[in-house]
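*Asks:* Using full-length UniProt numbering, read the sequence shown as starting at 1 and increasing by one per residue. Where a beta carbon is used, it is the ideal one built from N, C-alpha and C, also for glycine. No experiment lies behind these values; they were computed from the predicted model shown. Take this structure, written in C-alpha cells, and hold onto it; I'll ask about it next.
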Amino acid sequence: MTGANEYFGKGPQGFGKGPEKVPKSKENYVMEIKRYSRDCTIRVIGISTENVQAISVIRAIEHVTGLNSVLAVVKDDTSSYDVTLDSKSNAAKILSGVEILDKDYECSLMYSDTTVVSFMYIPAFIDDDDIIDMLRDRGIKIVSPVFRRVVPGTQVADGTRFVKCVFPPHIIALPWSMPFKVGKNTKYYKCVHNNQTKESEGLVDNIHNNKIELIVEAAVHMENIVQHETRKRKIANSEIIVPSQMKNTDVDVKDDDGVDISAPSVSAVEEEKKDEKTGKKVKRNGDSTLLGGKTVNEDLDLEILIPIIGKKRKRHPL
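Structure (C-alpha cells):
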C-alpha cells in the first residue's frame, strides 16, 4: 500500500492532488543594480497624483519610450510626478509632452541647464535648418539635433519637433508662437519649452497690466479732446461780443435838420449836471439832443416828431 500511496500521491500520474505548491511571495523591491541618473529624470507637470496612479504614468510613458524603459516614478507633490528613465534619449522623447488617460501633460527636465524647445504641428516639409536658424538669430545655443516626434508604435512623424538649447542670460522665455514661411504666406505655430509656464504667465500679466494702463490713458486723452472741441463749438455758436468789437463804429450821419445823430444822445439829467457847474439851472422834461436843443413839451406838434423818430440810424457794416 505504501507503494500505491506514493504512486497515487504524485499528482498527474495518479489520482491524488500531489504535493502542494509553495506560493511565491510577491516581490515589492528591486534587487538588480540599475543606473538612476538625474540627467534622465523628468517631471510630469500639472497631474493629480491622487487621481492618476503611478501605473498609468508608467504605461503611458513606456508606450512612447519602450517596454521597461521607466526605472522610477516618484510623487513630487499633489500635482507632479518625477519619472526616471533608462537613457537620456528616452527622457528627451517625453519632453515634448505625454498623453496620460486621454489628457496631455507637459514635461520638463529636473536637473539640466538645457532647455528643450518644441514646435507643435508644423508642416513636415519645413527644414530643420529653418528652426535652428530662427533660434540662433536670438542668440540661443543649439546643443542637439532637431528631433521629430512620431505617432506611438510607428515611424510616422506627427508634426511636432523639439531641440535642446541653452538660453543666454537675457532670454527668459520664447514667444508662444513663432513664424514660418509656408509657400508665399507666413504662418505662426505654437512654441513651448520647459520652464516656460511660470515665466510666460508673469510676462503675460505685465503685458496685460501695461495694456490696461494704456487704454485708460487713451480714454482720458480722448475725453479731454472731446471736452475741448465742445467748448470750441459753444464759443463759435454763442453770441458773446468780444470787448474789442464793442466800440461804437457808427458813421457820422446827420439828419435833415443838420443834427448829428451818430453819437449817443446826452440825457437831460447829464445836461442838468453840466448846467449846475456853470451856475445855470435849466429844467429838462426829455431828451433834447434829437430836437437840436429844443425842449420837448406838450405843445410840440406831433407832426414834427414823427419824421425825426421814424428815421433809422445808418451803421457801418461789421
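(1) Label Lys103 either buried or exposed according to how many other C-beta atoms from any shown protein chain fall within 10 Å of its C-beta, with 16 as the threshold for buried.
(2) Kindly indicate which three-state DSSP category Ser89 falls into: helix, strand or coil?
(3) Among Leu109, Tyr111, Ile132 and Arg231, which has the Cα closest to the Cα of Phe119?
(4) As an exercise, report each continuous beta strand (DSSP E) stretch of at least 3 residues that is fully enclosed by the stretch 39 to 67, in chain order.
(5) Which residue spans inside the stretch 108 to 171 form an unbroken beta strand (DSSP E) run of at least 3?
(6) Starting from Lys181, follow the beta strand (DSSP E) in both directions and report where the run begins and ends.
(7) What three-state label does DSSP hand Lys75 in the structure shown?
(8) Could you check whether Val83 and Val64 sit closer than 8 Å to each other, using their CB atoms as the reference points?
(9) Measuring only the C-alpha atoms, how far is Asp137 from Asp128?
(10) Measuring CB to CB, does residue 336 end up less than 8 Å from Pro179?
(11) So, Leu95 versus Lys34, is the Cβ gap smaller than 8 Å?
(12) If we count the other Cβ atoms within 10 Å of its Cβ and call it buried at 16 or more, is Ala124 buried or exposed?
(13) For Tyr105, which residues in the same chain have their Cβ closer than 8 Å to its Cβ, ignoring the five residues on either side in sequence?
(14) Where does Lys34 sit, in a helix, a strand or coil, going by DSSP?
(15) Note down, in chain order, each residue of its chain lying with its Cβ closer than 8 Å to the Cβ of Val188, except the 5 sequence neighbours on either side.
(16) Just to confirm, is the Cβ distance from Lys93 to Asp39 under 8 Å?
(17) Determine the closest residue to Asp113 out of Arg233, Tyr121 and Ile140, with distance taken between C-alpha atoms.
(18) Could you give the distance in angstroms between the alpha-carbon of Leu101 and the alpha-carbon of Ala60?
(19) Asp102 bridges to which residues according to DSSP?
(20) Can you name the residues that DSSP bridges to Lys187?
(21) If the criterion is Cβ atoms closer than 8 Å, does the pair Ser108 and Ile42 meet it?
(22) Do Tyr111 and Gly159 have their C-beta atoms closer together than 8 Å?
(23) Measure the CB-CB distance between Val146 and His193 and report whether it falls below 8 Å.
(24) So, under 8 Å CB-CB, Phe167 and Thr115 are touching, yes? Tell me the CB distance rounded to an integer number of Å.
(25) For a quick check, are the C-beta atoms of Ile142 and Leu135 less than 8 Å apart?
(26) Let me confirm a value: Lys164 is counted as buried when at least 16 other C-beta atoms fall within 10 Å, else exposed. Which label applies?
(27) Cutting at 6 Å between CB atoms, please list the residues of its own chain near Ala91, excluding the five before and the five after it.
(28) Where Pro169 and His221 are concerned, what is the direct C-alpha to C-alpha distance, given to the nearest angstrom?
*Replies:* Short version:
(1) exposed
(2) helix
(3) Ile132
(4) 41 to 45
(5) 115 to 119, 147 to 150 and 157 to 166
(6) Ser177 to Val182
(7) strand
(8) no
(9) 14 Å
(10) Here the chain covers residues 1 to 318 and nothing more, so residue 336 does not appear.
(11) no
(12) exposed
(13) Val44, Ile45, Gly46, Ile47, Gly97, Val98 and Glu99
(14) coil
(15) The question names Val, but residue 188 is Tyr in the sequence shown. Cβ neighbours of Tyr188 beyond the five flanking positions: Ser177, Met178, Pro179 and Phe180.
(16) no
(17) Ile140
(18) 8 Å
(19) BP columns for Asp102 are empty, so no partner.
(20) Phe180
(21) yes
(22) no
(23) no
(24) 6 Å
(25) yes
(26) buried
(27) Cys40, Ile42 and Leu85
(28) 39 Å
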